[in-house]
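**Q**
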Amino acid sequence: MALYPWLEPLWKQWQVMLSQQATPHAILCSANVGTGIEDLVNCLAAAIVCKNSDEEACGFCHSCELSQGGHHPDIHWVIPEKEGKGINVEQIREANRYAIESSQLGGKRIIIIQPAESMNESASNALLKTLETPPEQCVFVLLTQDKHKLLPTIISRCQHWQLPKVTKPVLLDWLGSQLSREQMPGWFSLKMYAQSPLDALSFIKQDKQKEWEQLLTLLLVGVQKRSFSLYEVQSFFKNEPLEKVSWLLYLFNDLQKAHFGVADTPQPAVFEQLASCISYTSAYSHYQHLQQMRHSLTTSSGLNAELLIVDWYLTLIKP
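By the UniProt record's numbering, the letter at position 140 of the sequence shown is numbered 140, and the numbering carries on one by one without gaps.
(1) Out of curiosity, what's the CA-to-CA distance linking Lys318 and Thr281?
(2) Using DSSP with H/G/I as helix, E/B as strand and the rest coil, what is His76?
(3) Hey, quick one: how far does the beta strand (DSSP E) through Leu143 stretch, first residue to last?
(4) Please go through the same chain and pick out, in chain order, the residues whose beta-carbon is closer than 8 Å to the beta-carbon of Ala194, but skip the five residues on each side of it.
(5) Taking DSSP as the reference, what is the three-state secondary structure of Arg181?
(6) Leaving out five residues before and five after Trp77 in sequence, what residues of the same chain have Cβ atoms less than 6 Å from its Cβ?
(7) Here's the rule I'm using: 16 or more other beta-carbon atoms within 10 Å means buried, otherwise exposed. How should Tyr67 be labelled?
(8) Mind checking which residues open and close the beta strand (DSSP E) that includes Ile87?
(9) Enumerate in chain order the residues of its own chain whose CB-to-CB distance from Pro5 is below 7 Å, with the five nearest sequence positions on each side excluded.
(10) Mind checking whether Ala119 and Gly86 have CB atoms under 9 Å apart?
(11) Drop a sphere of 10 angstroms on the beta-carbon of Tyr287, count the other beta-carbons inside from all chains shown, and report buried for 16 or more, exposed for fewer.
(12) Just mark Glu65 as buried or exposed, buried being the case when its beta carbon has 16 or more other beta carbons within 10 Å.
(13) According to the neighbour-count rule (16 or more other Cβ atoms, all chains shown, within 10 Å of its Cβ), is Ala45 buried or exposed?
(14) Identify the continuous alpha helix (DSSP H) that holds Arg109 and give its terminal residues.
(15) Within the continuous beta strand (DSSP E) that includes Cys29, where are the two ends?
(16) So, does the region 308-316 touch the region 234-253, judging by three or more C-beta pairs under 8 Å?
(17) Could you tell me whether the Cβ atoms of Ser124 and Ile92 are closer together than 9 Å?
(18) Determine the burial state of Cys43: buried for a count of at least 16 other Cβ atoms within 10 Å of its Cβ, exposed for fewer.
(19) Whose CA, out of Ile204, Arg109, Ile37 and Phe203, lies closest to the CA of Pro9?
(20) Counting pairs of beta carbons, one from the region 138-154 and one from the region 17-29, are three or more of them closer than 8 Å?
(21) Let's see if you can read the secondary structure: which residues bound the alpha helix (DSSP H) around Trp187?
(22) Looking at Gly186: is its Cβ nearer than 9 Å to the Cβ of Pro73?
(23) Three or more C-beta pairs under 8 Å: does that hold for the region 230-239 against the region 284-302?
(24) Anyone know if the C-beta pair for Gln224 and Cys277 falls short of 9 Å?
(25) State buried or exposed for Thr298, treating a residue as buried only when at least 16 other CB atoms are found within 10 Å of its CB.
(26) What number of angstroms, rounded off, separates the C-alpha of Leu198 from the C-alpha of Gly34?
(27) What is the DSSP secondary structure of Gln256, reduced to helix, strand or coil?
(28) Can you say whether Ile110 is buried or exposed, counting buried as having 16 or more other CB atoms within 10 angstroms of its CB?
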């Protein structure tokens, strides 16, 4: 499998680990969404269960055929049962049963938990008990966006790996290989997804640049005229509100930087106008507000994201 270029450095390190037969019983890997980290973990899992090779899957044995088809009986993924939900204790108990059972093909078992930080307290404690006395011939791989949300005792029992940051040249080179020159937006937009290349490509292909520009205009009109169209604001935030909250966070972070003269350039004229209308104190305050909102929306079910964002917008434009 050809890996994305930003995954290759970590894969080379893992190959050394595999060749030295130094694979630990538990691996914690920190990586952003939109990096394709799942492909890298699939390569690792295939290599571990391969019958003919140590540092990478041979691609020809029966185990490799099953791995490639996603049907290997000794590779188990544990993910939330529903989008936006956490990983519950029953899922971890089932994973623990896999861990102590014999391998169906006579090799190692691999249990991959993603996102690990979505485990609730009971699930975390159930996993911890297994990690304290790890079963033989079993490897746990925990994928996380934020390891600080995991129990310290779980972190301490894992070998931690961090996916290296995606550099700007690597990101732009890869996007350039996927797109025509006319499709490439400016860095001011792309940097929102600087550490999530696959999301950056999706942003471009779905033509979300127009929505991003619409958001900037909505904000500028609001702070300049102190008035707005409720229908227009509600309609804008109705679809994919969490992603748009992330856009707002990037924007208000940049507004703070602009007041210190450290924002990336070049900047569109609408951003410069926003910076002239929104003070550093206001930008900082709204950034904190948006962070709290995103946390609430990602941890609490049943909240009306559209309503929360519109309420925030009202605080932004009020005199």
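By construction, the Cβ of each residue, glycine as well, lies at the ideal position given by its N, Cα and C atoms.
Note that the structure is predicted; figures quoted are calculated from it, not measured.
**A** So, from the listed chains and residues:
(1) 15 Å
(2) strand
(3) Cys138 to Thr144
(4) Val166, Lys168, Leu171 and Ala200
(5) helix
(6) Ile112
(7) The sequence given here has Ser at residue 67, not Tyr. Flag for Ser67 reads buried.
(8) Element bounds for Ile87: n/a, residue is neither H nor E.
(9) Val170 and Trp174
(10) Per the sequence shown, the amino acid found at residue 119 is Met instead of Ala. Yes. Within cutoff.
(11) buried
(12) exposed
(13) buried
(14) Counting along the chain, Arg109 falls outside any alpha helix (DSSP H), though it belongs to the beta strand (DSSP E) covering Arg109 to Ile113.
(15) Ala26 to Ser30
(16) yes
(17) yes
(18) buried
(19) Ile37
(20) yes
(21) Trp187 to Leu190
(22) no
(23) no
(24) yes
(25) exposed
(26) 5 Å
(27) helix
(28) buried
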